[in-house]
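To start, the structure under review is shown below, and the notes come after it.
Chains as they are written, first to last, in my numbering: chain A, 1 to 135; chain B, 1 to 651.
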């Protein structure tokens, strides 16, 4: 009896949540590809794509409906034989660079790559100055 | 009444911080003024008591759910379990800042009470610096985030606490990190005090070291616990995502690690004076940057921050004043402080300097990757920086650091020859190579996890080598601490590499009674039933799992619905074995009546957190060792002073 009541309560509470997402999730949002190599490629790609509706989550770690749709897109495209890089390009064309956690060298991101290089030189210089002269 | 009492205590504490600051600086300028200097320590102690009282009042308001107080009404709910009412005190902006100043006040009171090693002038300067920092935070609380504000009309019911935060792990995660941040603020005050009086001595490093060690231990525990919380609570099995909030806690840890090693060199060898001061300033700056990132709301959106910038601007201004001031002082004084003892590259100090440079570079990378997207967003260019950036770029500096870390503790102080420890280096290299070749033959894994595994195995053995040819019973506690912490790094590294190399995942739609498999596990969904908790209802899956055909274990993952505020969370269920964890989540029901199961088998994933705990344990051992030897010295000094007094009395 108590169980049934709790179940009813759970349903009532779940209603508003359900109302926001009346569409069932896309087929490959929560289903893996049959081919393990393809699934692994899809998984690796999904882990580097941002869920645009969440705060700092990849689409591989999110229950948001949009992340589910994007997972579906990634999996079906991988299954159709597209390469991960092609899919990433397609997504960045559609949503902008923001969707990819893997920055590439461009006019807006070059400091991300120049500064580490500078750091290597700086670290080398500090160590040389400290230990180089003596002997 | 209670709220007003808390607010009054807070104002009084702020006034005492101002007194501590003013008296400290005046006494510093005019050394002869004993009356003013006599006020500093009592002011620090009373301030600690008052701010604790203020925090206790806020805890009381949350415990009784006083809905006439705005903070309680917007963050609590009368139906919440008591432990989450209490932890709700610091589960919000105002309360957590009050916790911060309370810990800072208590730390100030403690140094005022017990620290007698340093010259009194340096102590006064240190407490004055501490007064400046505290006063900044009091101003922030009182002027822009008053936790005791009343509502004109009391609310009938509270708004509740984010269900994700209603978790016992998270109840204690933020305070742990805060304690760590505050410990670094004490180190900062010591550094400023020493700079002001130009007394950068081994004694200064010894006085500062327990605070750095303590802060470092708490940050380690906080990061480890936060990572485990994200792992089991968010329901997708991820344990680190290079999220800005995570980075905000990692950056002070990196700086504190470097500071800790540098302070040790200063304490025992009187070298690296300016380097230690600099790292003291950097470590606290990183705590401030962390607080700014988490507390200003800039992470949700730079634009939202620009619309309501009051709090963020305040923290940013504090950051600018404290750090800018300290750096200016450093620039003015650095050339008057000599570098200290010299040493060769092939020496323990040499290895420590090398790794401190590496740690600083890693810190710079994390800082860059965290702030750069915020910077471009201000110009309406949105980029994302995530694991595919941090992992390889960080590895450029991490890998040499791990190699030097394996060898460094075997070297002697000041000057040594590499060939003296040739055998140990050969053993380490052989282990790493063997692990590298063996793993790459047996499994097809990516480069970074492969290197992580190999270096982890080599480091695990190398980290124990400082104990060879030592009488274990007579090895100092601090040495045990170092060995334990280094071994912990190796353990955590193996866990991380193994998790990313060997995890297997299964997403399946399963009918009741149906089965699926993941890695060596066979999993049967026995049934799905509704359950209810104090402020939630849930769908609970009953899942039986058997490892390699063995005795089945029953797991009960849940999908919970909270009603205040309405939100859905997944509660994962875990089976822990010595060689890894099975991770199970139950999701929605698909239209054909089957249930979504998400399953992961993660070999050796637990080593990540065991490693973290070992690192923290190493810190605790070192801290206890240092404090005990300090107490021994004090007793000895007291006895000598007694005897001298006796002799004088006799003559």
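Even for Gly, the Cβ is constructed at its ideal location relative to N, Cα and C.
Across the segment 220-251 of chain B, CB contacts with chain A closer than 9 Å involve 234, 235, 236, 237, 238, 241, 242, 243, 244, 245, 246, in sequence order along the chain. Taken through DSSP and simplified to helix, strand or coil, residue 583(B) comes out as strand. Using a 10 angstroms sphere on the CB of residue 36(A), the tally of other CB atoms stays under 16, which defines it as exposed. Counting every other CB atom within 10 Å of its CB across the protein chains shown gives residue 373(B) a total of 16 or more, marking it as buried.
Leaving aside the five residues that flank residue 481(B) on each side, the residues in its chain whose CB is nearer than 7 Å to its CB run, in chain order, 618, 619, 621, 622, 625.
According to the DSSP assignment, residue 602(B) belongs to the beta strand (DSSP E) that extends over 595-603. For residue 117(B), the secondary structure class from DSSP, reduced to helix, strand or coil, is coil.
Its chain contains 109, 112 as the residues whose beta carbon lies nearer than 6 Å to that of residue 45(B), once the 5 sequence neighbours on both sides are disregarded; these appear in chain order. Taken through DSSP and simplified to helix, strand or coil, residue 418(B) comes out as helix. The secondary-structure analysis by DSSP pairs residue 547(B) across a beta bridge with 521(B). Closest option to residue 422(B), judged by alpha-carbon separation, among 573(B), 410(B), 565(B): 410(B). Our two residues, residue 498(B) and residue 603(B), have alpha carbons roughly 6 Å apart in a direct line. Between the beta-carbon of residue 387(B) and that of residue 299(B) there is about 17 Å, and that puts the pair past the 8 Å contact cut.
Chain-order list of chain B residues neighbouring residue 85(A): empty, with the shortest C-beta distance near 12 Å, by a criterion of under 7 Å. Judged by DSSP secondary structure, residue 573(B) falls outside any alpha helix (DSSP H) and instead within the beta strand (DSSP E) spanning 573-577. Remark: C-beta atoms of residue 320(B) and residue 296(B) do not approach each other more closely than 7 Å. Annotation: residue 554(B) to residue 595(B) spans about 17 Å, alpha carbon to alpha carbon. Note on residue 242(B): 16 or more other CB atoms within 10 angstroms of its CB, so buried under the neighbour-count rule.
Remark: C-beta atoms of residue 256(B) and residue 225(B) do not approach each other more closely than 7 Å. Contact note: residue 396(B) reaches chain A through 116, 120, using a C-beta cutoff of 8 Å and chain order. When the alpha-carbon of residue 629(B) is set against those of 551(B), 598(B), 209(B), the nearest one is in 209(B). According to DSSP, residue 513(B) shares a beta bridge with no other residue. For residue 43(A), the chain B residues whose Cβ falls inside 8 Å of its Cβ are 505, in order along the chain.
Within 10 angstroms of the beta-carbon of residue 92(B) lie 16 or more other beta-carbons, which makes it buried. Between residue 84(B) and residue 171(B), the beta carbon gap of about 7 Å places them in contact (Cβ cut-off 8 Å).
By the criterion of a C-beta distance shorter than 6 Å, residue 50(B) is surrounded in its chain by 9, 12, 13, once the five residues flanking it on both sides are discounted.
Beyond the five residues adjoining it in sequence on each side, residue 181(B) comes within less than 6 Å, by CB distance, of 287 in the same chain, given in chain order. By the Cβ-count criterion, residue 61(A) is buried, with 16 or more other Cβ atoms from all chains shown falling within 10 Å of its own Cβ.
Residue 289(B) and residue 248(B) have their C-alpha atoms spaced approximately 7 Å apart.
For the pair residue 491(B) and residue 466(B), the CB atoms are not nearer than the 7 Å cut-off. Against chain A, a Cβ distance below 9 Å from residue 365(B) picks out 115, 116, 119. Under DSSP, residue 253(B) shares a beta bridge with no residue.
Among the residues facing chain A, residue 382(B) is included, as its CB has a counterpart in that chain under 7 Å away. For the pair residue 547(B) and residue 201(B), the Cα-to-Cα distance works out to about 59 Å.
In this structure residue 279(B) touches residue 262(B) by the C-beta definition: roughly 5 Å separates them, less than 8 Å. Under a criterion of Cβ atoms nearer than 7 Å, the residues of chain A adjacent to residue 376(B) are, in order, 108.
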